[in-house]
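Residue numbers (the working numbering), protein chains in the order written: chain A, 480 to 827; chain B, 480 to 827.
Ideal Cβ placement from N, Cα and C applies to all residues, glycine included.
Number of protein chains: 2
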Amino acid sequence: MLEDKNPQRTPLSELGEFRLIEHLTEQITLSHKSTIKGVGDDAAVLNFKSSRIVVTTDLLVEGIHFDLSYMPLKHLGYKAVMVNLSDCYAMNAMATQITVSIAVSNRFPVEALEELYGGINTACKLYNIDLVGGDTTSSTSGLIISVTAIGEVKEGNEVFRSGANPNDLLVVSGDIGGAYMGLQVLEREKEVFKVNPNSQPDLSMYSYIIERQLKPEARKDIVELLEKLEVIPTSMIDISDGLSSEIIHICKQSKVGVDLYENKIPLDPQVISTCEEFDIDSTTVALNGGEDYELLMTISQKDYPKIKGNPNLTVIGYMTEKETGMHLITRAEQRIPIIAKGWNSLSD
Amino acid sequence: MLEDKNPQRTPLSELGEFRLIEHLTEQITLSHKSTIKGVGDDAAVLNFKSSRIVVTTDLLVEGIHFDLSYMPLKHLGYKAVMVNLSDCYAMNAMATQITVSIAVSNRFPVEALEELYGGINTACKLYNIDLVGGDTTSSTSGLIISVTAIGEVKEGNEVFRSGANPNDLLVVSGDIGGAYMGLQVLEREKEVFKVNPNSQPDLSMYSYIIERQLKPEARKDIVELLEKLEVIPTSMIDISDGLSSEIIHICKQSKVGVDLYENKIPLDPQVISTCEEFDIDSTTVALNGGEDYELLMTISQKDYPKIKGNPNLTVIGYMTEKETGMHLITRAEQRIPIIAKGWNSLSD
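1) Where does M684/B land, buried or exposed, given buried means 16+ other C-beta within 10 angstroms?
2) Cα-Cα, which of V737/B, Y596/B, D521/B, E631/B is closest to V528/A?
3) Please determine, among R691/A, V664/A, S625/A, T799/A, the residue with the shortest C-alpha to C-alpha distance to I726/A.
4) Using DSSP with H/G/I as helix, E/B as strand and the rest coil, what is V638/A?
5) From E741/B to I515/A, what distance separates their C-alpha atoms?
6) Are S530/B and K633/B closer than 8 angstroms when you measure CB to CB?
7) Return the residues of the region 526–540 of chain A that lie within a Cβ-Cβ distance of less than 9 angstroms from chain B, sorted by chain order.
8) Quick check on this structure: which residue in L649/A, K604/A, R586/A has the alpha carbon closest to the alpha carbon of S618/A?
9) Cβ of H728/A within 7 angstroms of any heavy atom in the ligand FMN?
10) If I'm right that P816/B touches V735/B with Cβ under 8 angstroms, what's the distance once you round it to whole angstroms?
11) Using a Cβ-Cβ cut-off of 8 angstroms, state whether K516/B counts as contacting chain A.
12) Note down, in chain order, every chain A residue with its Cβ under 9 angstroms from the Cβ of G613/B.
13) Please classify I605/A as buried or exposed, where buried requires at least 16 other C-beta atoms within 10 Å of its C-beta.
14) Please list the residues of the region 638–650 of chain A that have a C-beta atom closer than 8 angstroms to any C-beta atom in chain B, keeping them in chain order.
15) Entirely within the region 641–717 of chain A and at least 4 residues each: give me those alpha helix (DSSP H) ranges in chain order.
16) Just how far apart, CA to CA, sit T713/A and L722/A?
17) Exposed or buried, R498/A, counting other C-beta atoms within 10 Å across all chains shown (16 or more means buried)?
18) So is T603/B in contact with chain A if we call contact Cβ pairs under 8 angstroms?
19) Does chain A have any CB closer than 8 angstroms to the CB of I566/B?
20) Spatial neighbours of I688/A within its chain, please: CB distance less than 8 angstroms, with the 5 preceding and 5 following residues excluded, ordered by chain position.
21) Rounded to the nearest angstrom, how far is the Cβ of E669/A from that of Y549/A, given a contact under 8 angstroms?
22) With C-beta atoms as the reference, is I577/B less than 8 angstroms away from N563/B?
23) Does chain B have any CB closer than 8 angstroms to the CB of I623/A?
24) Which bits of chain A does T578/B rub up against, with CB to CB less than 7 angstroms?
25) Flag D717/A as yes if its beta-carbon sits less than 8 angstroms from any beta-carbon of chain B, otherwise no.
26) To the nearest angstrom, report how far apart E703/A and N636/A are at their CA atoms.
27) Here's a check: name, in chain order, each residue in its chain whose Cβ is nearer than 6 angstroms to the Cβ of K785/A, leaving out the five neighbours to either side.
28) Could you spell out the range, first to last residue, of the beta strand (DSSP E) harbouring P816/B?
29) Measure the alpha-carbon distance for E802/B versus D647/B and round it to whole angstroms.
30) Between the alpha carbons of H554/A and L693/A, how many angstroms are there, rounded?
31) Taking C-beta to C-beta, are V534/A and A582/B nearer than 8 angstroms?
32) How about T504/B and V518/B: are their beta carbons less than 8 angstroms apart?
33) Using the rule of at least 16 other Cβ atoms within 10 Å of the residue's Cβ for burial, across every protein chain shown, is F639/B buried or exposed?
34) Based on Cα-Cα distance, which residue from G598/B, A569/B, L739/B lies nearest to D717/B?
35) Just to check my reading of the structure: S625/B and T575/B have Cβ atoms closer than 8 angstroms, yes? What is that Cβ distance to the nearest angstrom?
36) Alpha carbon to alpha carbon, how far is D483/B from M805/B?
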């Protein structure tokens, strides 16, 4: 894929480290008043006089978090930013700045890094983020991307994982399970490609779920919506590891239990049909799939009228006393304990 | 070295990602009022109402930036923090928080990561830093450490690379070239060890330069000293890539030239004697060696009386008009153009 798109291949050594950073960052424009100084000094300088700031960081490793055989570099750059913005939004904060560090082996030409930065810059533009620093270095193998995001939130509006109370409603944005099923389709096509490199698969019937995997969007709009609706969730987390794992985080940190209703979990029709095709239970996918980057929150019952009927938010359960435990209420009205089966990057 | 020190080897998979992070961060204590929320949520929350904040990040890659055959993991953790604190101090800011992300292959047992975090925690304690977030994941090969540091500085006290004026004095803290010569000694001993694994080298005569390489200290004390002396440098940078490369950064960004005096460059006696032993020119080492993490600054001539005679600060030259160019004035009073030969991680 790289060769076709980039007939020109400039070796990294031709530019050198300093000029590479200059080259990759020369198109950066700054738009936040809080950014006093961006790329080009020992550190960026920021000014957040009237806000609290949030800081979050994520590391993406080739072969663990992404597979370049089906992940275009532009999308990878975009996704690396989204993963971090999502963490800021999960604090009910607006992301404002990022730093990006990259380690690459010499098998990547300069043009490949331009693609990667193209995705990063697109994400920054769409989400109004200033890229203010970073580090570019070589690696002995593969590509590693480390992004740190900084955001701001008005004092008192920050939302932790630990604030849920019994009787609060459990609410999720958008729909879930799509990113995981998109990955299943891409991995199947990769196997087909290995057997027959000339196959031209028609993936249009999977377009939504493949986009959920390759080009996820962080839910900035939900933070803006909550502000407009004048709802401050009692707790919030982003769904990176699957619904069950995130619910357990909220329950443990808030010292509450939960009743989650299987029939309320929002699934896209493409997720349902692809689960049928792959013979996988769609509830299992929603609970354990991960990478959807939707927001999971709890809200006070008094706020229910404000969110009722909003197509972006779905009530999927309610919080209980801790002693009641964490349960999925199935369509057959069985109570099944919720256990963490989230994607565990260290298990194999 | 690992086997001797750590007879117990717990596979990473035994703990899993969440419990590993919990395990490694359970000893963290927070000491800054600006840290509202540290590890354990989607993001850390910080409060910097009266200051500007600085942000910097660095990525350290096994086989590129460090060699575990002579770099103990505890020292590596310590150094990874120092590299970033040094960038904060180079802004004339006090570092206050860090995030640490680590990617490791399964060849590292939990005990190895404990060693690494031991060094990180020691650095945090000694430099009064709150560890507020991070990410731990697996890698397909080797160890990667990404650290982001956050610091604060009173508005108006921040120092950029771009503020130097003609006639300003060029000043360096401590002495330089030690870290590079320490590396030469360590690499020689590694080769000796390959031939004769039973050799027990006496490295005591190299103790200072080896410590400069394995356990560098960021110059927090210099930022404190400058405040006490009531000196705000006109420009500042930390010496990570060698004196010549950092001088060029200041000259280019400040649009000035420089006269650097070879006979003023501060060198430790161990650097001089080891350079003689290795038959390397000590000025070349000082100019191109790197990794000393001293601070290079320019100060106004009117501030000279305040720093005069201070054993921590050495005047090594002065800034000139841009047109004059950048020159080293040798002991033989020759004018040699300064060119960047700094360590370039992408050149091979």
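According to the structure data:
1) Along the second sequence, one-based indexing puts residue 684/B at 205. Looking at its Cβ environment, which holds fewer than 16 other Cβ atoms inside 10 Å, M684/B is exposed.
2) Start at 1 with the first residue of the first sequence, and residue 528/A comes out as number 49. The sequence given here places Lys at residue 528/A; Val does not occur at that position. Selected option, being the one with the closest Cα: E631/B.
3) Within the first sequence, numbered from 1, the residue matching residue 726/A stands at position 247. When each option's Cα is compared against that of I726/A, the closest is T799/A.
4) Residue mapping note: residue 638/A aligns to position 159 of the first sequence, counting from 1. In the structure shown, V638/A sits in coil (DSSP, three-state: anything other than H, G, I, E or B).
5) To locate residue 741/B, count along the second sequence from 1; it is residue 262. To locate residue 515/A, count along the first sequence from 1; it is residue 36. So the two alpha carbons sit approximately 36 angstroms from each other.
6) What you label residue 530/B is simply residue 51 of the second sequence in a count that begins at 1. What you label residue 633/B is simply residue 154 of the second sequence in a count that begins at 1. Contact flag set, yes.
7) N526, F527, K528, S529, S530, R531, I532, V533, V534, T535, T536, D537, L538, L539, V540
8) Position 139 of the first sequence, counted from the start, is the residue given in the question as residue 618/A. Considering only alpha carbons, the answer is R586/A.
9) Judged by which ligands are present, the structure shown has none, so any question about the ligand FMN falls away.
10) As a first step, residue 816/B must be located in the second sequence, where it is residue number 337. As a first step, residue 735/B must be located in the second sequence, where it is residue number 256. Not quite, the Cβ-Cβ distance comes to about 15 angstroms (not below 8 angstroms), so this is no contact.
11) Along the second sequence, one-based indexing puts residue 516/B at 37. It does: the Cβ of K516/B has a partner Cβ on chain A nearer than 8 angstroms.
12) As a working note, residue 613/B is residue 134 in the second sequence. Here the neighbours are T536, L538.
13) As a first step, residue 605/A must be located in the first sequence, where it is residue number 126. It should be pointed out that residue 605/A corresponds to Leu in this sequence rather than to Ile. Exposed, because fewer than 16 other Cβ atoms sit within 10 Å of the Cβ of L605/A.
14) F639, R640, S641
15) 657–674, 686–693, 699–708
16) Here residue 713/A is taken as the residue at index 234 of the first sequence, counted from 1. Here residue 722/A is taken as the residue at index 243 of the first sequence, counted from 1. Near 18 angstroms, if we compare the C-alpha coordinates of L722/A and T713/A.
17) Along the first sequence, one-based indexing puts residue 498/A at 19. With fewer than 16 Cβ atoms within 10 Å of its Cβ, R498/A is classed as exposed.
18) Taking the first residue of the second sequence as position 1, residue 603/B is located at position 124. The question names Thr, but residue 603/B is Cys in the sequence shown. By this cut-off, C603/B is not an interface position.
19) For the purposes of this step, residue 566/B is identified with residue 87 of the second sequence, where counting begins at 1. For the sequence presented, residue 566/B should be read as Asp rather than Ile. Answer yes: the Cβ-Cβ gap between D566/B and chain A drops below 8 angstroms somewhere.
20) Indexing the first sequence from 1 puts residue 688/A at position 209. Excluding sequence neighbours, I688/A sits near G657, A658, M660, G661, V664, D747, Q749, V750, T753.
21) The sequence position of residue 669/A within the first sequence is 190, counting from 1. The sequence position of residue 549/A within the first sequence is 70, counting from 1. Contrary to the premise, residue 669/A reads as Lys rather than Glu in this sequence. With a Cβ gap of about 6 angstroms, K669/A and Y549/A count as contacting.
22) Against the second sequence, residue 577/B aligns to sequence position 98. Against the second sequence, residue 563/B aligns to sequence position 84. Closer than 8 angstroms, so yes.
23) As a first step, residue 623/A is located in the first sequence; it is residue number 144 there, counting from the start. It does: the Cβ of I623/A has a partner Cβ on chain B nearer than 8 angstroms.
24) For this step, residue 578/B is matched to residue 99 along the second sequence. Neighbours of T578/B on chain A, chain order: V534, T536, T627.
25) Your numbering for residue 717/A matches position 238 in the first sequence. At least one chain B Cβ lies under 8 angstroms of D717/A.
26) Within the first sequence, the letter at position 224 stands for residue 703/A. Within the first sequence, the letter at position 157 stands for residue 636/A. Distance between the alpha carbons of E703/A and N636/A: 12 angstroms.
27) Taking the first sequence and counting its residues from 1, the one referred to as residue 785/A is at position 306. L708, V710.
28) Sequence index remark: in the second sequence, residue 816/B carries index 337 (1-based). Element bounds for P816/B: 814–816.
29) Residue mapping note: residue 802/B aligns to position 323 of the second sequence, counting from 1. Residue mapping note: residue 647/B aligns to position 168 of the second sequence, counting from 1. So the two alpha carbons sit approximately 16 angstroms from each other.
30) In the first sequence, residue 554/A corresponds to position 75, counting from 1. In the first sequence, residue 693/A corresponds to position 214, counting from 1. So the two alpha carbons sit approximately 6 angstroms from each other.
31) Sequence index remark: in the first sequence, residue 534/A carries index 55 (1-based). Sequence index remark: in the second sequence, residue 582/B carries index 103 (1-based). It is not a contact, given that the beta carbons lie outside the stated cut-off.
32) Along the second sequence, read from residue 1 onward, the residue named residue 504/B stands at position 25. Along the second sequence, read from residue 1 onward, the residue named residue 518/B stands at position 39. Going by C-beta atoms, T504/B is nearer than 8 angstroms to V518/B.
33) As a first step, residue 639/B is located in the second sequence; it is residue number 160 there, counting from the start. Classification for F639/B: buried.
34) Translated into positions along the second sequence, residue 717/B becomes position 238. Of G598/B, A569/B, L739/B, the residue nearest in Cα terms is A569/B.
35) The count along the second sequence starts at 1 and reaches residue 625/B at position 146. The count along the second sequence starts at 1 and reaches residue 575/B at position 96. Actually they do not touch by this definition, with Cβ atoms about 18 angstroms apart.
36) Locating residue 483/B in the second sequence gives position 4, where the first residue counts as 1. Locating residue 805/B in the second sequence gives position 326, where the first residue counts as 1. Note on D483/B: pLDDT 47, under 50, position unreliable in the model; the coordinate value appears next. Rounded to the nearest angstrom, the two C-alpha atoms are 51 angstroms apart.
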